[in-house]
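K.L.:
One structure is given below, represented as structure tokens, and several questions about it will come after.
In our numbering, the protein residues as written are 51 to 406.
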């Protein structure tokens with residue numbers, strides 16, 4: 051397929067590629083698809099929001115992509131543009147949503163009918179959307195890219211525990227609790243410099259890979275910016291490094307991994323501390339979980355697997371669009387033939403009238 055991606059190409063206004071590039075673009079390139087990219091962030095800063103819709107429409111008109119794949123962070127694409135592309139071109143439109151737990155009501159639900167397909171990673175939002183008649187909403191989930199999330203041979207395990215992610219909510223309290231208990235903890239990500247002096251506030255994909263590969267245990271928190279828990283992308287990325295992964299218990303986790311066999315779940319600080327002690331003392335047990343989690347991830351939870359499932363649905367829409375296009379083509383052909391016949395007949399009648 052020819053795919054036009056539209057999303058923020060760079061991470062937090064830096065020169066580091068956004069994770070969406072590694073999730074979606076890199077995966078589709080390796081699957082053999084042709085790809086073009088419209089970068090929301092750069093266009094917003096240099097030319098303003100209107101330029102985004104203008105450039106996307108130019109690509110749709112001239113590049114003629116089979117699929118417009120967006121990862122919206124806001125209202126970057128105008129509703130009128132999406133309406134035109136969906137209803138008057140053969141390009142299938144798709145949005146991969148994030149944070150629908152807090153964005154569905156105010157954002158996603160107001161755009162859902164403007165896309166052929168909308169992807170959510172929240173089962174409750176999927177159920178709600180389907181009950182409201184939005185049958186174009188699909189349930190998928192985050193995953194890993196084994197070309198980037200992978201073990202590196204020859205590195206020693208220098209950290210007991212590692213966490214990579216933004217510092218917010220109860221995360222700093224958890225990390226400080228582990229440090230106070232004597233664990234050798236490595237943290238990296240935005241805002242950690244406010245809490246931990248030797249943390250890395252910015253890091254590349256390679257930096258993250260090095261941290262996980264040098265850690266005995268990787269930590270994944272499930273709390274969002276608002277109340278409630280969710281399945282994070284790290285749930286799938288960290289086991290792909292073949293590191294024993296501890297995940298804060300969250301609904302739906304059991305659908306992807308078996309607790310204590312492929313990952314280890316924890317419920318609170320005390321539970322986390324006790325389980326860390328157990329698995330840090332038992333190398334064989336820890337390695338077994340790491341191996342099982344790695345195998346499950348690379349077999350079932352890669353972005354290629356996710357894309358293959360989604361592209362089946364894209365193909366169904368393409369087939370329907372082709373049928374409609376052929377049907378409209380036949381109608382227009384009949385109209386043009388009939389118009390030509392009427393025009394010819396009219397000329398004959400006018401010619402005869404001249405002799406009367």
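No residue lacks a Cβ here, since even glycine has one placed at the ideal position from N, Cα and C.
Remember, it's a predicted structure, so these values are computed and weren't measured experimentally.
Taking its Cβ as the centre, do 16 or more other Cβ atoms sit within 10 Å of residue 79, making it buried, or is it exposed?
P.N.:
For this step, residue 79 is matched to residue 29 along the chain shown. Flag for residue 79 reads exposed.
K.L.:
What are the start and end residues of each continuous alpha helix (DSSP H) run of 4 or more residues lying completely inside the region 62-126, in chain order?
P.N.:
As far as the region 62-126 is concerned, its whole alpha helix (DSSP H) runs of at least 4 residues are 76-80, 90-96, 99-112.
K.L.:
Between the C-alpha atoms of residue 229 and residue 211, what's the straight-line distance to the nearest angstrom?
P.N.:
Sequence index remark: in the chain shown, residue 229 carries index 179 (1-based). Sequence index remark: in the chain shown, residue 211 carries index 161 (1-based). Computed Cα separation, rounded: 10 Å.
K.L.:
Count the other C-beta atoms from every protein chain shown that fall within 10 angstroms of the C-beta of residue 350, then say buried if there are 16 or more, exposed otherwise.
P.N.:
For the purposes of this step, residue 350 is identified with residue 300 of the chain shown, where counting begins at 1. When all chains shown are included, residue 350 counts as exposed.
K.L.:
What do you reckon, are the CB atoms on residue 117 and residue 144 nearer than 8 Å?
P.N.:
Your numbering for residue 117 matches position 67 in the chain shown. Your numbering for residue 144 matches position 94 in the chain shown. Yes, they are a contact pair.
K.L.:
Just verifying my parser: in three-state terms, what is the DSSP assignment at residue 210?
P.N.:
By 1-based counting over the chain shown, the position of residue 210 is 160. Three-state DSSP puts residue 210 in a strand.
K.L.:
What's the C-alpha gap between residue 289 and residue 84?
P.N.:
As a working note, residue 289 is residue 239 in the chain shown. As a working note, residue 84 is residue 34 in the chain shown. If you take the alpha carbons of residue 289 and residue 84, they lie about 30 Å apart.
K.L.:
For residue 106, count neighbouring C-beta atoms within 10 Å of its own C-beta (all shown protein chains included) and say buried if the count is 16 or more, exposed if not.
P.N.:
Residue mapping note: residue 106 aligns to position 56 of the chain shown, counting from 1. Its Cβ being crowded by 16 or more others within 10 Å, residue 106 is buried.
K.L.:
Report yes or no: do three or more beta-carbon pairs, one from the region 246-266 and one from the region 181-194, lie closer than 8 Å?
P.N.:
Touching, no, given that fewer than three Cβ pairs across the two stretches are closer than 8 Å.
K.L.:
For residue 5, tell me which candidate among 87, 52, 263, 92 has the shortest Cα-Cα distance.
P.N.:
Since the displayed the chain opens at 51 and closes at 406, residue 5 lies outside it and no answer follows.
K.L.:
Mapping DSSP to helix, strand and coil, what is residue 266?
P.N.:
Locating residue 266 in the chain shown gives position 216, counting from the first residue. Residue state, collapsed to three classes: strand.
K.L.:
Give the single residue among 368, 370, 224, 128 whose Cα lies nearest to the Cα of residue 323.
P.N.:
On the chain shown, residue 323 is found 273 positions in, with the first residue counted as 1. Of the candidates 368, 370, 224, 128, the one whose C-alpha sits nearest the C-alpha of residue 323 is 224.
K.L.:
DSSP on residue 295, reduced to helix/strand/coil?
P.N.:
Numbered from its first residue, the chain shown carries residue 295 at position 245. Reduced to three states, the DSSP call for residue 295 is strand.
K.L.:
In chain order, which continuous runs of the beta strand (DSSP E) of length 3 or greater are located wholly inside the region 216-277?
P.N.:
DSSP runs (the beta strand (DSSP E)) wholly in the region 216-277: 235-238, 265-270.
K.L.:
Let me know if residue 57 comes out buried or exposed under the rule of 16 or more other beta-carbons within 10 Å of its beta-carbon.
P.N.:
As a first step, residue 57 is located in the chain shown; it is residue number 7 there, counting from the start. Buried is the call here.
K.L.:
For the pair the region 280-294 and the region 233-242, tell me if three or more CB-CB distances fall below 8 Å.
P.N.:
Short answer: they don't touch.
K.L.:
Decide if the region 250-262 is in contact with the region 355-366; the criterion is three or more beta carbon pairs, one per stretch, under 8 Å apart.
P.N.:
No: the two stretches stay apart, fewer than three of their Cβ pairs being nearer than 8 Å.
K.L.:
Look at the alpha carbon of residue 253 and the alpha carbon of residue 175, and state the distance between them as a whole number of angstroms.
P.N.:
By 1-based counting over the chain shown, the position of residue 253 is 203. By 1-based counting over the chain shown, the position of residue 175 is 125. Taking the straight line from one Cα to the other gives about 32 Å.
K.L.:
Measuring CA to CA, which of 362, 370, 372, 352 is closest to residue 200?
P.N.:
Here residue 200 is taken as the residue at index 150 of the chain shown, counted from 1. Minimum Cα distance to residue 200 is reached at 352.
K.L.:
Quick check on residue 113: buried or exposed, where buried means 16 or more other Cβ atoms within 10 Å of its Cβ?
P.N.:
Walking along the chain shown from the start, residue 113 turns up at place 63. Per the 10 Å Cβ criterion, exposed.
K.L.:
Rounded to whole angstroms, what is the Cα-Cα separation between residue 221 and residue 180?
P.N.:
Along the chain shown, one-based indexing puts residue 221 at 171. Along the chain shown, one-based indexing puts residue 180 at 130. When rounded, the distance between both Cα atoms is 34 Å.
K.L.:
What is the rounded straight-line gap between the Cα of residue 281 and the Cα of residue 307?
P.N.:
In the chain shown, counting from the first residue as 1, residue 281 sits at position 231. In the chain shown, counting from the first residue as 1, residue 307 sits at position 257. Between residue 281 and residue 307, the C-alpha separation is close to 12 Å.
K.L.:
If you reduce the DSSP assignment to three classes, tell me which class residue 332 lands in.
P.N.:
What you label residue 332 is simply residue 282 of the chain shown in a count that begins at 1. Of the three classes helix, strand and coil, the one that applies to residue 332 here is coil, per DSSP.
K.L.:
My understanding is that residue 278 touches residue 312, with C-beta atoms under 8 Å, so please give their C-beta distance in whole angstroms.
P.N.:
Position 228 of the chain shown, counted from the first residue, corresponds to residue 278. Position 262 of the chain shown, counted from the first residue, corresponds to residue 312. The Cβ separation is near 24 Å, so there is no contact.
K.L.:
Quick check: the Cα distance between residue 368 and residue 86, rounded to an integer number of angstroms?
P.N.:
The sequence position of residue 368 within the chain shown is 318, counting from 1. The sequence position of residue 86 within the chain shown is 36, counting from 1. Whole-angstrom Cα-Cα distance: 19 Å.
K.L.:
Return helix, strand or coil for residue 346, following the three-state DSSP convention.
P.N.:
Here residue 346 corresponds to residue number 296 of the chain shown, with the count starting at 1. In the structure shown, residue 346 sits in a helix (DSSP, three-state: H, G or I).
K.L.:
Do you know whose CA, among 217, 75, 103, lies nearest residue 244's CA?
P.N.:
Locating residue 244 in the chain shown gives position 194, counting from the first residue. Taking only the C-alpha atoms, the option nearest residue 244 is 217.
K.L.:
Around the C-beta of residue 266, are 16 or more other C-beta atoms found within 10 angstroms, so that it is buried, or is it exposed?
P.N.:
As a working note, residue 266 is residue 216 in the chain shown. Answer is buried; the Cβ neighbour count reaches 16.
K.L.:
For residue 52, which residues of its own chain have a beta-carbon under 6 Å away from its beta-carbon, when the five flanking residues on both sides are left out?
P.N.:
As a working note, residue 52 is residue 2 in the chain shown. Correct list, in chain order: 84, 115, 116.
K.L.:
Can you give me the C-alpha to C-alpha distance between residue 166 and residue 111, rounded to a whole angstrom?
P.N.:
If you number the chain shown from 1, residue 166 lands on position 116. If you number the chain shown from 1, residue 111 lands on position 61. One C-alpha to the other measures close to 18 Å.
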